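In the numbering used here, each number is its position in the sequence shown, counted from 1, plus 203.
Using N, Cα and C, we set each Cβ at its ideal position, and we do this for glycine too.
Just so it is clear, the structure is predicted and the values come from calculations on it, not from any experiment.
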Amino acid sequence: MASGSFKPGRLVNGLRGKTVPRERTALAIWFWEIDRVLLSLIAVLIAIGLVAVAAASPVAAIDRSTSQVAVNPLIYFYRQLIWVGIGLPVMLVISMLPRTQARRLAVVLTAVFLVMLLLVPILGNTINGAKRWIDLPGMRFQPSEFLKPAFVVTLAWLLSLRGKDASLPVIYISGLLTAFVALLLMRQPDFGQTVIFCAVWGALLLLSGVSMKAIGALAAAAMGLFVLTYMFYENGRNRINDFLGLGIATDTGPDQADLAHKTITNGGFTGVGPGGGQEKFHLPEAHTDYIFSVIGEEFGLLACIGIAIVYLAIIVRVLLRLLDEEDSFVILAAAGLTTELGLQAIINMGVNAHIFPSKGMTLPFISYGGSSMLALCIGVGLLLAFTRRNPFMDRSPYVVKWSGR
Numbered sequence: 204m205a206s207g208s209f210k211p212g213r214l215v216n217g218l219r220g221k222t223v224p225r226e227r228t229a230l231a232i233w234f235w236e237i238d239r240v241l242l243s244l245i246a247v248l249i250a251i252g253l254v255a256v257a258a259a260s261p262v263a264a265i266d267r268s269t270s271q272v273a274v275n276p277l278i279y280f281y282r283q284l285i286w287v288g289i290g291l292p293v294m295l296v297i298s299m300l301p302r303t304q305a306r307r308l309a310v311v312l313t314a315v316f317l318v319m320l321l322l323v324p325i326l327g328n329t330i331n332g333a334k335r336w337i338d339l340p341g342m343r344f345q346p347s348e349f350l351k352p353a354f355v356v357t358l359a360w361l362l363s364l365r366g367k368d369a370s371l372p373v374i375y376i377s378g379l380l381t382a383f384v385a386l387l388l389m390r391q392p393d394f395g396q397t398v399i400f401c402a403v404w405g406a407l408l409l410l411s412g413v414s415m416k417a418i419g420a421l422a423a424a425a426m427g428l429f430v431l432t433y434m435f436y437e438n439g440r441n442r443i444n445d446f447l448g449l450g451i452a453t454d455t456g457p458d459q460a461d462l463a464h465k466t467i468t469n470g471g472f473t474g475v476g477p478g479g480g481q482e483k484f485h486l487p488e489a490h491t492d493y494i495f496s497v498i499g500e501e502f503g504l505l506a507c508i509g510i511a512i513v514y515l516a517i518i519v520r521v522l523l524r525l526l527d528e529e530d531s532f533v534i535l536a537a538a539g540l541t542t543e544l545g546l547q548a549i550i551n552m553g554v555n556a557h558i559f560p561s562k563g564m565t566l567p568f569i570s571y572g573g574s575s576m577l578a579l580c581i582g583v584g585l586l587l588a589f590t591r592r593n594p595f596m597d598r599s600p601y602v603v604k605w606s607g608r
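Right, here's the structure in full:
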């Protein structure tokens, strides 16, 4: 073979040491364009979640057992395996979509689940004093979980239109949409999700170039709304009072935040060992809202720190991926999805560490829950779709770039 000939599957741009896939199938192209580091970090979280749910499942099983029926101690672990088995293919399929199709999918999902959110007061089922779930034959789901990632992308699309036509009132439209969703969520009540929706909107406004004067005015308005919430929103006021120790003294024992703090610190730095936790049996919803405390008791505070580092690594990886991105929509969408994921993780871990009041929020990819797992897989699928890029395009010696001269 001549020295200058090319053999498929061998080196291209030999000086760069890069290879190209021999096949040109959609799967091969996806494999070379996907952010495999980000995908691996998500897989690590899912694996940690399965171990954590297995540790917390006996607690939930005992709570739901009766004198006539004994629930399998690992029932929630088996169910979580099913949700992971459904969610991972959904994530990968969405990640294969071109950016335009991924954006359109998000807008359609926003419309669908916004309607579902409107139907919660009619079709919803009340659990633990909150009406957040819709019951259909053979299934129950939480519309706000599915709305979150799609709504973030829709907001990013709206705000990105400012770059094409500054006269478009997209800021007001996005604000009205966010306020409408917040109103529906507060009626459930779901203060934690309301905080996430509003915080992500604020972050997207900041990234889209809104003036600091406007951001300051929004921050002041947010503080005013927080005061009004405390004054007139009984559910939120009670949780804040309990967190600050200002609640009415009762003989019912410590509140949820105190129990979580006692559990997470019981294992010390290295934990009591898998299955050895005892304080976890006093926790409510140990397999969902307070699974981080179960991890702390059985695997130690070092394991909790490791999980926090994984979340931080995901955020840093996405930000690094966006450093040379030029599409304003992609920047806003990816940053918004990452903000949503990181904020949810921070709130859950903060509640378990007794830093924040109890909010009833799951730990992404680690807590048990079908709605949570599927919605997160949709969100990460969109994130992977927006951060895909051809690894050879920018490196090719045949790409001519304008030097500015």
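Which residue from the options puts its Cα closest to that of residue i?
i, options, result
"Y279", "H464, N469, R267 and H485", "R267"
"G503", "K334, D492, L525 and G478", "G478"
"P392", "T432, S411, L361 and L421", "T432"
"I558", "A463, F568 and L326", "A463"
"L522", "G584, L410, G419 and L277", "L410"
"L317", "A305, R335, T329 and I330", "R335"
"R609", "G573, G582 and G545", "Absent from the structure is residue 609, since the part of the chain shown begins at 204 and ends at 608."
"G405", "R302, A506, L362 and F495", "L362"
"P301", "V519, Q283, L230 and L339", "L230"
"M294", "I512, L585 and T590", "L585"
"A369", "I550, I337 and V413", "V413"
"E528", "R591, R282, L248 and I374", "R591"
"A588", "L566, P567 and V533", "V533"
"L544", "S575, V296, N555 and L308", "S575"
"T491", "V240, A264, L242 and L241", "A264"
"S260", "F394, A423 and Q283", "Q283"
"Q396", "L408, N551, A506 and P276", "N551"
"G582", "T468, G327, G470 and V296", "V296"
"G332", "G288, V287 and G563", "G563"
"V287", "L388, I376, P352 and A250", "A250"
"G476", "L253, F234 and A258", "A258"
"V315", "T269, A516, V240 and P352", "P352"
"D458", "G470, Y493 and N469", "Y493"
"C580", "I285, G290, L339 and L505", "G290"
Starting from residue i, trace the beta strand (DSSP E) both ways and give me its first and last residue.
i, result
"I330", "G327 to I330"
Determine which residues share a DSSP beta bridge with residue i and list them.
i, result
"L339", "M342"
"K334", "T329"
What first and last residue would you give for the alpha helix (DSSP H) that runs through residue i?
i, result
"M294", "I278 to S298"
"D461", "Q459 to N469"
"I237", "Counting along the chain, I237 falls outside any alpha helix (DSSP H), and DSSP gives it neither H nor E."
"N551", "S531 to N555"
"A385", "V373 to M389"
"S574", "G573 to T590"
"I512", "L504 to R524"
"G395", "F394 to L410"
Are the beta-carbon atoms belonging to residue i and residue j less than 8 Å from one another?
i, j, result
"A460", "P560", "yes"
"Q497", "G480", "Looking at the sequence provided, one finds Val at residue 497 rather than Gln. Closer than 8 Å, so yes."
"P346", "R390", "no"
"T313", "L350", "yes"
"E488", "E500", "no"
"A578", "E348", "yes"
"A255", "I569", "yes"
"F383", "F354", "no"
"L566", "F484", "no"
"T541", "I518", "yes"
"R440", "L244", "no"
"L326", "I337", "yes"
"I374", "L408", "yes"
"A309", "L546", "no"
Given this structure, state the Cα-to-Cα distance separating residue i from residue j, to the nearest angstrom.
i, j, result
"V430", "P292", "44 Å"
"Y514", "A246", "12 Å"
"D238", "M299", "12 Å"
"T357", "A273", "45 Å"
"L364", "L371", "8 Å"
"L386", "R306", "25 Å"
"A359", "T329", "33 Å"
"T455", "L486", "Reliability fails at T455, whose pLDDT of 48 lies under 50, so the model's placement of it is uncertain and the value that follows must be treated cautiously. Cα-Cα distance, rounded: 14 Å."
"N444", "I232", "54 Å"
"N555", "V262", "17 Å"
"C507", "L421", "34 Å"
"G366", "D530", "10 Å"
"I512", "T303", "32 Å"
"P276", "W235", "42 Å"
"L241", "L525", "13 Å"
"P224", "A536", "Caution is warranted here: a pLDDT of 48 is assigned to P224, below 50, making its placement in the model unreliable, and the coordinate value is therefore given only provisionally. For P224 and A536, the distance between alpha carbons rounds to 29 Å."
"L379", "L248", "35 Å"
"V398", "M319", "20 Å"
Let me see if you follow: with CB-CB separation under 8 Å, is residue i close to chain C or not?
i, result
"S268", "Here there is only one protein chain, and chain C is not present."
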